[in-house]
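Please read the structure below before turning to the comments.
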Amino acid sequence: NGPNGANGANGANGANVQNGPNGPNGAGTSSAANAGASLEILLTHLCLRRGMLREVVRGLCFRPSEAGTDLQTSVRLNSNHAYLLDALAVGAAHDQLPPPDRALTHLHELIELARRSRDEDAQSQGSRDEHVFQEHPVESVVIRGCLHLWRDAMARESTVVSTSTLSAALPTFLDMLRREEHIADVLSVIANACYQRPDVHDCLLGAGLRPATEQPETHETHETHETHENSAEGFPAAAHDTLCLILGHARGNPDAPLAREWALMAVRNLCACSQDARDAIQALEKVEGAAATPAGGAGGQTQNATFKVEYDASAGGWKLG
26 NGPNGANGAN
36 GANGANVQNG
46 PNGPNGAGTS
56 SAANAGASLE
66 ILLTHLCLRR
76 GMLREVVRGL
86 CFRPSEAGTD
96 LQTSVRLNSN
106 HAYLLDALAV
116 GAAHDQLPPP
126 DRALTHLHEL
136 IELARRSRDE
146 DAQSQGSRDE
156 HVFQEHPVES
166 VVIRGCLHLW
176 RDAMARESTV
186 VSTSTLSAAL
196 PTFLDMLRRE
206 EHIADVLSVI
216 ANACYQRPDV
226 HDCLLGAGLR
236 PATEQPETHE
246 THETHETHEN
256 SAEGFPAAAH
266 DTLCLILGHA
276 RGNPDAPLAR
286 EWALMAVRNL
296 CACSQDARDA
306 IQALEKVEGA
316 AATPAGGAGG
326 QTQNATFKVE
336 YDASAGGWKL
346 G
């Protein structure tokens, strides 16, 4: 038991030092963080890069009976899917390459699945519309996560999205605006998608307020202005409806503080290189604000709901006032 004996093993250079900063406890914390980052990268690679989002979503169901056969059937969403979207958002932010077109298609399918699941459940339980989102937090998180991935993908100029994907997704986004679902998130997707993408302008202005389940008409490609003129006569009306829908959210919404800014950016990007958008805005007529009666009170207050769009020669672009 002398200085160099067995008891000395517990000294400064003994075994107890193993629990220091560089010992197993410290390494465990670092390993857990690295494992989490590796999992997010792996999920991003599998779901977005390799196009296996459908399989992963089905595999995360609690029971095989809830998995269905694909995302078009009744897959039962749960907290695992909410975590999946959080992980994909982190992994995609560190991905140097934009997601491929099929990944955007699968994300749109997941949005439709979550909306359908939420609506069916709300209808069966007799939920009121204003409480749908609070009563279905998982579906809401999944939809928001998919929209954020779409938004970030559209923010990259190198992202290539096919006409078929746009024709399927844009009517869904417009329907969500009409139903006031995730307003700011949807407008952020539209605003980023419209930036210097003429094909997005054509699909968006041609989509109008057509239900998302309805197949698009014969507007598969709009590569020239002549195609617009030779398309169905409802195209200008659809463009008018789309712009009015976006402009309607430029008034400001206390429940969606960023909606106004995203709506203005969407209109700006549309007008920057779309003659159809400029023509549709010039055709708008000035209207008076509608009278709104406060809840629980008598009398009406006039709310300004008018918009003015004019060309600013000094700035060389269109300005919304």
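Its first residue numbered 26, the sequence shown is counted upward by one per residue in my numbering.
Backbone N, C-alpha and C fix where the C-beta goes; we use that ideal spot for every residue, glycine too.
- So, helix, strand or coil for residue 337, using DSSP? The residue you call residue 337 lines up with position 312 of the sequence shown. Of the three classes helix, strand and coil, the one that applies to residue 337 here is strand, per DSSP.
- Item | Whole-angstrom distance between residue 165 and residue 142, CA atom to CA atom | Translated into positions along the sequence shown, residue 142 becomes position 117. Translated into positions along the sequence shown, residue 165 becomes position 140. Going from the Cα of residue 142 to the Cα of residue 165 covers about 11 Å.
- Message: I'd like to know whether the C-beta atoms of residue 131 and residue 169 end up nearer to each other than 8 Å.
- Response: As a working mapping, residue 131 is identified with position 106 in the sequence shown. As a working mapping, residue 169 is identified with position 144 in the sequence shown. The answer is no: Cβ separation not under 8 Å.
- Task: Identify whether residue 220 lies in helix, strand or coil by the three-state DSSP scheme.
- Result: On the sequence shown, position 195 is the one that residue 220 refers to. Here residue 220 sits in coil by DSSP.
- Supposed close pair residue 100, residue 82 - CB separation, criterion 8 Å: For the purposes of this step, residue 100 is taken as the residue at position 75 of the sequence shown. For the purposes of this step, residue 82 is taken as the residue at position 57 of the sequence shown. Residue 100 to residue 82, Cβ: 6 Å. Contact.
- With 16 other CB atoms within 10 Å as the buried threshold, where does residue 279 fall? Within the sequence shown, residue 279 is the residue found at index 254, counting from 1. Exposed: under 16 other Cβ atoms inside 10 Å.
- Message: Quick check on residue 283: does DSSP put it in helix, strand or coil?
- Response: As a working note, residue 283 is residue 258 in the sequence shown. In the three-state reduction of the DSSP assignment, residue 283 falls in the coil class, being assigned neither a helical nor a strand state.
- Task: Kindly list the residues whose CB is nearer than 8 Å to the CB of residue 123, restricted to its own chain and excluding five residues on each side of it in sequence; keep chain order.
- Result: Translated into the one-based positions of the sequence shown, residue 123 becomes position 98. The beta carbon of residue 123 lies closer than 8 Å to those of 178, 181, 183, 184, 185 in the same chain, with the five residues before and after it left out.
- For the candidate residues 135, 161, 225, whose alpha-carbon lies nearest to that of residue 109? Your numbering for residue 109 matches position 84 in the sequence shown. Distances from the CA of residue 109 to each of 135, 161, 225 were compared; the closest alpha carbon is that of 135.
- Query: In whole angstroms, what separates the C-alpha of residue 296 from that of residue 87?
  - Reply: Translated into the one-based positions of the sequence shown, residue 296 becomes position 271. Translated into the one-based positions of the sequence shown, residue 87 becomes position 62. Looking at the two C-alpha atoms, the distance is approximately 47 Å.
- 8 Å CB neighbourhood of residue 118 in its chain, flanking five on each side removed: Looking up residue 118 in the sequence shown gives position 93. Around residue 118: 177.
- Task: Compute the Euclidean distance between the alpha carbons of residue 172 and residue 210, then round it to the nearest angstrom.
- Result: Position 147 of the sequence shown, counted from the start, is the residue given in the question as residue 172. Position 185 of the sequence shown, counted from the start, is the residue given in the question as residue 210. Going by the C-alpha atoms only, they are around 6 Å apart.
- Task: Look at the Cβ atom of residue 293, then the Cβ atom of residue 285, and state whether they are nearer than 8 Å.
- Result: Position 268 of the sequence shown, counting from 1, holds the residue named residue 293. Position 260 of the sequence shown, counting from 1, holds the residue named residue 285. No, Cβ-Cβ distance for residue 293 and residue 285 is not below 8 Å.
- Query: Out of curiosity, what's the CA-to-CA distance linking residue 228 and residue 215?
  - Reply: Numbered from 1 along the sequence shown, position 203 holds the residue referred to as residue 228. Numbered from 1 along the sequence shown, position 190 holds the residue referred to as residue 215. So the alpha carbons of these two residues sit roughly 11 Å apart.
- Query: How would you call residue 204, buried or exposed, if buried means at least 16 neighbouring beta carbons within 10 angstroms?
  - Reply: On the sequence shown, position 179 is the one that residue 204 refers to. Here residue 204 is exposed: its Cβ has fewer than 16 other Cβ atoms, across all protein chains shown, within 10 Å.
- Thinking C-alpha only, which one of 70, 202, 300, 149 is nearest residue 120? Start at 1 with the first residue of the sequence shown, and residue 120 comes out as number 95. Ranking 70, 202, 300, 149 by Cα distance to residue 120 puts 70 first.
- Item | The alpha helix (DSSP H) enclosing residue 307, as first and last residue numbers | Indexing the sequence shown from 1 puts residue 307 at position 282. Looking at the DSSP string, the run of the alpha helix (DSSP H) that includes residue 307 is 300-307.
- Task: Starting from residue 196, follow the alpha helix (DSSP H) in both directions and report where the run begins and ends.
- Result: Within the sequence shown, the letter at position 171 stands for residue 196. Run containing residue 196: 188-203, per the alpha helix (DSSP H) assignment.
- Query: If we ignore side chains and look at the alpha-carbon of each, how far apart do residue 163 and residue 111 end up?
  - Reply: The sequence position of residue 163 within the sequence shown is 138, counting from 1. The sequence position of residue 111 within the sequence shown is 86, counting from 1. A direct Cα-to-Cα measurement between residue 163 and residue 111 gives close to 12 Å.
- Item | Proximity of residue 212 and residue 274 at Cβ, strictly below 8 Å | Reading the sequence shown from its first residue, position 187 is the one you call residue 212. Reading the sequence shown from its first residue, position 249 is the one you call residue 274. Against a cut-off of 8 Å, the Cβ pair of residue 274 and residue 212 comes out as a contact.
- Task: Compare the C-alpha of residue 190 against each of 202, 306, 128, 206 and name the closest.
- Result: Translated into the one-based positions of the sequence shown, residue 190 becomes position 165. From the listed residues 202, 306, 128, 206, the smallest Cα separation to residue 190 is found for 128.
- Nonlocal neighbours in the same chain, by C-beta distance under 6 Å from residue 218, ignoring five residues either side: Your numbering for residue 218 matches position 193 in the sequence shown. Result list for residue 218: 179, 225, in chain order.
- Does DSSP classify residue 135 as helix, strand or coil? Locating residue 135 in the sequence shown gives position 110, counting from the first residue. The answer is helix: DSSP assigns residue 135 an H, G or I state.
- Using a Cβ-Cβ cut-off of 7 Å (strictly less than) and excluding sequence neighbours within five positions of residue 114, which residues of its own chain qualify? Start at 1 with the first residue of the sequence shown, and residue 114 comes out as number 89. 170, 173, 174, listed in sequence order.
- Helix, strand or coil for residue 290, going by three-state DSSP, please let me know. For the purposes of this step, residue 290 is taken as residue 265 along the sequence shown, with counting starting at 1. Here residue 290 sits in helix by DSSP.
- Can you check whether the CB of residue 62 is closer than 8 Å to the CB of residue 102? To locate residue 102, count along the sequence shown from 1; it is residue 77. To locate residue 62, count along the sequence shown from 1; it is residue 37. For residue 102 and residue 62, no; Cβs fall outside 8 Å.
- Less than 8 Å separating the beta-carbons of residue 106 and residue 73? Locating residue 106 in the sequence shown gives position 81, counting from the first residue. Locating residue 73 in the sequence shown gives position 48, counting from the first residue. No, they are not a contact pair.
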